[in-house]
Structures are given as structure tokens and as C-alpha cells.
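Protein chains in written order, with our numbering: chain B, -2 to 150; chain F, -2 to 150.
We treat Cβ as the ideally placed atom computed from N, Cα and C, and that holds for glycine.
First comes the structure, then the notes that go with it.
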DNA sequence: ATAATTGTTGACTAAAATACTAGGTTATCT
DNA sequence: AGATAACCTAGTATTTTAGTCAACAATTAT
């Protein structure tokens, strides 16, 4: 699996969309300015996101991007998989070259860990993050202690 | 944060160490052959792991590497952080260029997600994976149903 | 109708990270 | 002494990242 700044950009941009998409489509130019990501790079990322149905583009003046689905139906795993290839090349490809099953064991262990991470990211939606952002704001304004600010899933 | 094949290599190699370290030190040549990772590349990775105290090298004939601590005291986050820089460059650096706090909001949301992933990886130790590997083997030999094979943290 | 706006697509590029190679030095065991 | 294996340094090919540039298509406002 991969999880680099590319996926981070995509998640951040999608968050921007979720936060400002209520009042009409959001232009890539806005996101570019808000998040400090190059416009053309965003276009590339959104081409991937669009092909997976995660966003919906509206052309012409006043156009921009909407979320492709409800924010509660879009998981972080969805977004990262759309822009960041989810490679699975460590599993021995049935060549039978695993001596004593040792190689198979470590590989299956890693695969299990990889699956755990995937399930974790699959369990968080954009909606969750936005809701938690609100909570964080409320908590912050109430000046609670730091322990109270740590929101657990 | 980063989580690419580099960290995957490191985790896999450390798993190898945890699985075979009982009967003496494990050589990088063995790991290289078992896991199909280039020897010199492993040396680079282990230089990082060693500097963080995650492994302990023994020179000379019959030498190799031991785990630096008990496998229950080594988390996946430890390993990935040792070889894969844990960058934190999205947070606005106090330049006050966040208009209306919107940029700050998405950034803090991402930071929160990033922290969740970190905590998740921090909660899994090498020992956990090895134990689960045993469990998996037992379960597999008992031919239980597939649901029983999915181990949850 | 026409101009402005915005998405869509493709080709191309500089910089960085990745994965690997080559060659050496040092400690330790037999 | 000689073999072994960690340890160290430098270099390099490939891939990925992050970005630019340019042309084009669809839609809206004037």
C-alpha cells in the first residue's frame, strides 16, 4: 500500500469540497489558493477522483466540483485508492519458491497488517472528519483540557 | 506521513527477525534471500533501524542481527518512523495566511486523521503480528470457517 | 452569437525519493 | 591468518512526485 503526500493532497482537497460544497460547486482555483496546491496538479488528482465517481464536475462559469456522493458515503480509503495505487505485490505469486513456508508467513503477516490499515481507513468517512472538526471547534471554544480534545474513533 | 514500500520492507525484515531470531542472530544475507530484497538496500535500512535501537548487530562469523528490544516493545510505528521520515509540513507555520480559518480547519482535520493512523500503528507490535500468525496457522490447520480467520485487533 | 469561465485531456519537465550497485573498512570467530 | 558478516560511503538508474504548458470542450452570462 502507498500513503504519501499525494493521498494527503487528495484528502485535503476533498475535505475542502465537503466543507464548502454546500453553497454550490467549488472551483479548483479556490482549492488551489486555499490549500496551496498547484492548480494543474489538482486537475490531475481530480481526473482520478472523477473517474472513480468521487467528485462530479460542472463546466462553464459558476461551475466547479461537487462531491460525487454524500460525504458519509466517501471513505478515506476510497480517496487514497483513487489517486494512490494500492499495490499488492509482496504475496508470493504461487511460484512455490517459499522455503519452509517462512516467506509465506511473513508475507501473510504483512498482508494482514496491510488489511488492518485498509479497514481502518475504510472506517473513516469525510462526514466523520467534518463532524469531528465541528466538535473540535466547540471544544476549543469551551477551553476544555487537552485530554478532552483528543477525539477517539 | 509516508507509508510506502520502504516501510513495508523494513516491517517485513523485522518480522523475519522476530520469527527466526530465537536460534541466534539472523544475517542480512538470509533476509535478502528469504524476502527478495537487495542486500545493500537492507544494509541501508538496518543502519536506520540500528540508530534507533530497534536492532542490534553482531559482527564477525556467526554474527547477524537481533531485535534491539522484546518484540512486544517494538511497534509498527517505531519501524516506519525509523526508515520513513514522518513529515508534518502541512500545518500552517503561523504565518497568519489562513483566510477565515478555513485552511486551518482542513489542515487540523488532516492532522487529526494523521494522528489517528499513527496511534493505530503505534498500537500494533511485532509480537502481536507473530502471535496472530501462530493463531492464523492453528486456525488454518483446524479448517475453521473464513470468518474465524479474520483476526480483529 | 460571442466572450468568459471552467472542466478535460495530454504531453512534457525538474526535482526528489526509491531501490539498487560497487567498493571499501572494521570487528570477530575458527 | 583468514573467513565472515556487520558497517560505511559514494554513486546511479528508475520511478514517483509535483508541477508547467497548451490545446480543447462545454456551459453560462452578456
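- If you check each beta-carbon in the region 39 to 69 of chain B against every beta-carbon of chain F, none falls closer than 9 Å.
- Here the region 115 to 127 of chain F makes contact with the region 5 to 15 of chain F; the two share three or more CB pairs at distances below 8 Å.
- Taking 3 residues as the shortest admissible run, the region 6 to 90 of chain F contains the following complete beta strand (DSSP E) segments, listed from N- to C-terminal end: 52 to 55 and 61 to 64.
- At a cut-off of 8 Å, the C-beta of residue 13 (chain B) has a neighbouring C-beta in chain F.
- Contact between residue 47 (chain B) and residue 54 (chain B) holds: CB atoms are separated by about 6 Å, below the 8 Å threshold.
- Taking a Cβ-Cβ threshold of 8 Å, the residues of chain B close to residue 8 (chain F) are 107 and 110, in chain order.
- Taking the beta carbon of residue 122 (chain B) as reference, no residue of chain F falls within 7 Å; the closest one sits roughly 11 Å away.
- In this structure, residue 3 (chain B) sits away from residue 52 (chain B), with a CB-CB distance that is not shorter than 8 Å.
- Among the residues of chain F, those whose CB is under 7 Å from the CB of residue 73 (chain B) are 110, following chain order.
- Burial of residue 105 (chain F) is indicated by the presence of at least 16 other C-beta atoms within 10 angstroms of its C-beta.
- Ranked by how close their Cα comes to the Cα of residue 28 (chain F), the residues F:63, F:108, F:73 and F:109 have F:63 in first place.
- The contact set of residue 36 (chain B) on chain F, defined by CB atoms closer than 8 Å, is empty, because the minimum CB distance reaches about 16 Å.
- For the region 24 to 35 of chain B, residues whose beta-carbon sits nearer than 7 Å to a beta-carbon of chain F comprise 31 and 32.
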